[in-house]
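Peer 1: So that you can map any letter, position 175 of the sequence shown is 175 in UniProt numbering, and since no number is skipped, the others follow by simple counting. Heads up, the beta-carbon is just placed ideally off N, CA and C, and yes, glycines get one too.
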Amino acid sequence: MAKSTNAFTCTACGASHKKWAGRCDACGAWNTIVEEAPLSQGPGRGLGAHKGRAVPLSSLQTTEAPPPRSLSGMEELDRVLGGGLVPGSAVLIGGDPGIGKSTLLLQGAAAFARRGANAVYISGEEASAQVRMRAQRLGLADAPVRLGSETNLRDILTTLDNERPDLAIIDSVQTLWSDQVEAAPGSVAQVRAAAHELVTFAKRKGVAIFLVGHVTKDGQIAGPRVVEHMVDTVIYFEGERGHQFRILRSVKNRFGPADEIGVFEMTGAGLAEVANPSALFLSERGQPVPGSAVFAGIEGTRPVLTEVQALVAPSTLASPRRTVVGLDSGRVSTILAVLEARCGIPFAGLDVFLNVAGGMRVSEPAADLAIAGALLSAREDSALPPEAVLFGEISLSGALRPVAQAENRLKEAQKLGFSQAILPDSQKVEGAGGMGVSRIADLTGFVGEVFGAG
Ligand SMILES: Nc1ncnc2c1ncn2[C@@H]1O[C@H](COP(=O)(O)OP(=O)(O)OP(=O)(O)O)[C@@H](O)[C@H]1O
Ligand SMILES: [Mg+2]
Ligand SMILES: [Zn+2]
1 MAKSTNAFTC TACGASHKKW AGRCDACGAW NTIVEEAPLS QGPGRGLGAH
51 KGRAVPLSSL QTTEAPPPRS LSGMEELDRV LGGGLVPGSA VLIGGDPGIG
101 KSTLLLQGAA AFARRGANAV YISGEEASAQ VRMRAQRLGL ADAPVRLGSE
151 TNLRDILTTL DNERPDLAII DSVQTLWSDQ VEAAPGSVAQ VRAAAHELVT
201 FAKRKGVAIF LVGHVTKDGQ IAGPRVVEHM VDTVIYFEGE RGHQFRILRS
251 VKNRFGPADE IGVFEMTGAG LAEVANPSAL FLSERGQPVP GSAVFAGIEG
301 TRPVLTEVQA LVAPSTLASP RRTVVGLDSG RVSTILAVLE ARCGIPFAGL
351 DVFLNVAGGM RVSEPAADLA IAGALLSARE DSALPPEAVL FGEISLSGAL
401 RPVAQAENRL KEAQKLGFSQ AILPDSQKVE GAGGMGVSRI ADLTGFVGEV
451 FGAG
């Protein structure tokens with residue numbers, strides 16, 4: 001066996017590098033590269049070094065019905081999973097420290113267990129007594145969930161193999177260690193090995209596994225991205241500090257649509273489901289103010305209205321501020337450039353602050369028009385019509401492009417009391433359902449129509 005030399009691994013994305021560098025050129029993160037021994041490859045890596053076993057092949061046809069998905073009854077969770085939990089699937093739940101991952105999964109485990117599933121919760125971070133205290137506070141003490149506190153991967157696998165639960169929660173993957181890997185717990189090698197073993201176990205034995213992964217900033221501990229490719233479903237639990245809202249978002253799902261969101265509110269008694277997120281995200285809206293635009297968006301399969309807020313003020317800085325929260329800052333820069341180049345409206349010498357109310361994150365290009373509307377409204381100090389929602393993608397030429405699911409956006413807007421929509425000229429709408437529609441061909445037309453200039 002060739003002696004394996006030490007390699008350098010990025011703890012954020014798992015890329016391996018030949019030498020140390022300050023910045024990972026695979027994911028762009030700084031100070032995340034650490035020296036780590038690569039996984040041993042076993043004797044004779046090349047083909048033919050020893051003969052493999054022939055794997056039986058089969059056809060695509062099946063007479064078996066797909067196994068029924070199990071529902072937790074927590075609708076926000078079930079939707080993000082793609083319509084319930086698939087037996088034997090592996091789900092990764094990532095999130096910042098303290099965001100509420102353990103709370104969510106304890107509530108989820110209890111919900112599944114109360115519906116008859118055999119659920120096991122293994123904590124590597126907290127003693128069982130601590131988890132029991134949380135269960136007490138959340139009013140879940142009577143749920144038939146069985147608890148374990150362990151970090152040794154081999155012991156966990158043996159336990160799960162004996163118990164054969166329907167689902168197992170492992171909190172967190174970064175605390176696990178396998179005695180077959182010579183690296184510290186939390187290292188890329190350990191986290192990968194543990195995730196690999198658990199995912200393989202899930203498939204073989206039909207046990208659904210939830211892996212908790214902390215999003216780490218310091219680069220000493222491997223982040224959840226390192227195992228994203230191994231699992232069936234990747235879900236992130238997000239929220240702004242200081243906001244009680246939490247958003248569960250699927251970024252990958254082999255069993256359902258990705259980009260689906262579930263919305264929760266963190267309360268003293270745990271996470272409460274928010275069935276109508278649009279109302280929640282717009283709840284802070286008062287009188288019409290300059291700089292506010294309501295975007296009729298789609299998150300996964302669900303329409304969600306959000307408020308884009310802008311503030312534009314003269315800058316004292318040589319390069320003015322561009323502070324963007326909840327939106328893609330590259331997208332915002334593009335829109336600022338298009339406003340300047342195509343409409344002759346400069347933002348040079350002005351500080352720009354943009355955010356989405358309620359701590360929501362919006363990544364749809366359909367939000368372009370609402371972003372432009374908020375920026376223009378703030379700059380002109382003139383409020384947009386308060387009864388109007390906006391959507392439409394802006395191209396580099398300044399033209400507006402149609403977006404998907406216009407009818408669903410309009411329906412949601414109407415449900416929340418809006419009567420007007422500003423949308424692209426080229427947008428096909430089959431039945432606006434009583435909503436008034438203003439059609440706009442390009443940004444210059446938008447400026448003329450809404451702000452009476454152009
Ligand atoms: N007694 C309490 N009352 C209200 N909210 C609480 C209470 N205790 C905890 N919380 C909330 O729960 C959050 C922590 O939740 P939880 O432990 O599930 O998060 P986590 O993501 O698992 O964190 P960690 O990174 O520590 O594992 C706190 O940030 C707080 O908002
Ligand atoms: Mg936790
Ligand atoms: Zn990287």
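1. Mind listing, in chain order, the residues whose beta carbon lies closer than 6 Å to a non-hydrogen atom of ligand 2?
2. Which same chain residues, not among the five before or five after residue 349, have their C-beta less than 7 Å away from its C-beta?
3. Indicate the three-state DSSP secondary structure (helix, strand or coil) for residue 126 in the structure shown.
4. Going by the C-beta, is residue 223 closer than 7 Å to any heavy atom of ligand 1?
5. For the putative contact between residue 291 and residue 310, defined by C-beta atoms under 8 Å, what is the C-beta separation to the nearest angstrom?
6. In the structure shown, what three-state DSSP assignment does residue 78 receive?
7. Suppose the cutoff is 8 Å on Cβ atoms and the five residues either side in sequence are ignored; what does the same chain contact list for residue 260 look like?
8. Looking at residue 430 and residue 407, is the spacing between their C-beta atoms short of 8 Å?
9. Can you tell me whether residue 218 is buried or exposed, with buried defined as 16 or more other CB within 10 angstroms of its CB?
10. Based on DSSP bridge pairs, tell me the residues matched to residue 10.
11. Taking 7 Å as the cut-off, is the C-beta of residue 216 nearer than that to any heavy atom in ligand 3?
12. How would you write the range of the alpha helix (DSSP H) that residue 188 sits in, first residue to last?
13. What number of angstroms, rounded off, separates the C-alpha of residue 215 from the C-alpha of residue 434?
14. Whole angstroms are fine: how far does the CA of residue 65 sit from the CA of residue 440?
15. What are the start and end residues of the beta strand (DSSP E) that includes residue 211?
16. Please state the DSSP three-state secondary structure of residue 155.
17. Provide the residue(s) that pair with residue 17 in DSSP beta bridges, ordered along the chain.
18. Applying the 10 Å Cβ sphere with the 16-neighbour rule, what's the burial state of residue 97?
19. List the residues that DSSP assigns as beta-bridge partners of residue 298.
20. DSSP puts residue 394 in a beta bridge; with which residues?
21. Ligand 3 and residue 343: does any heavy atom of the ligand fall closer than 7 Å to the residue's C-beta?
22. For the putative contact between residue 178 and residue 154, defined by C-beta atoms under 8 Å, what is the C-beta separation to the nearest angstrom?
23. Does residue 381 pass the burial test, meaning 16 or more other C-beta atoms within 10 Å, or should it be called exposed?
24. Apply the 10 Å Cβ neighbour rule to residue 346 and answer buried if 16 or more other Cβ atoms are within range, or exposed otherwise.
25. What is the C-beta distance between residue 413 and residue 389, in whole angstroms, given that I count them as a contact (C-beta under 8 Å)?
26. So, with DSSP's three-state summary, where would you put residue 369?
27. Check whether the stretch 122–133 and the stretch 230–247 are in contact - that is, three or more C-beta pairs closer than 8 Å.
28. Leaving out five residues before and five after residue 274 in sequence, what residues of the same chain have Cβ atoms less than 8 Å from its Cβ?
29. In the DSSP output, which residue or residues are listed as bridge partners for residue 438?
30. Ligand 3: which residues have Cβ under 6 Å from any of its heavy atoms, chain order?
31. With 16 as the cutoff for other CB atoms within 10 Å, does residue 276 come out buried or exposed?
32. What residue range does the alpha helix (DSSP H) around residue 341 cover?
33. Since residue 169 sits in a beta bridge, which residues does DSSP pair it with?
34. Given the structure, does residue 99 come close to ligand 1, in the sense that its CB is under 7 Å from one of the ligand's heavy atoms?
35. Who pairs with residue 237 in a beta bridge, going by DSSP?
36. If contacts are defined as beta-carbon pairs under 8 Å, then residue 165 and residue 118 qualify, I think. What distance do you get, rounded to the angstrom?
Peer 2: In this structure, then:
1. 101, 102, 125 and 171
2. 314, 315 and 320
3. coil
4. no
5. 4 Å
6. helix
7. 79, 80, 82, 249, 250, 253, 299, 300, 301 and 302
8. yes
9. exposed
10. 33
11. no
12. 188–205
13. 45 Å
14. 49 Å
15. 208–214
16. helix
17. 8
18. exposed
19. 303
20. 400
21. no
22. 7 Å
23. exposed
24. exposed
25. 4 Å
26. helix
27. no
28. 76, 245, 263, 264, 265 and 280
29. 422
30. 10, 12, 13, 15, 24, 26, 27, 29 and 32
31. exposed
32. 329–343
33. 121 and 210
34. yes
35. 95 and 248
36. 4 Å
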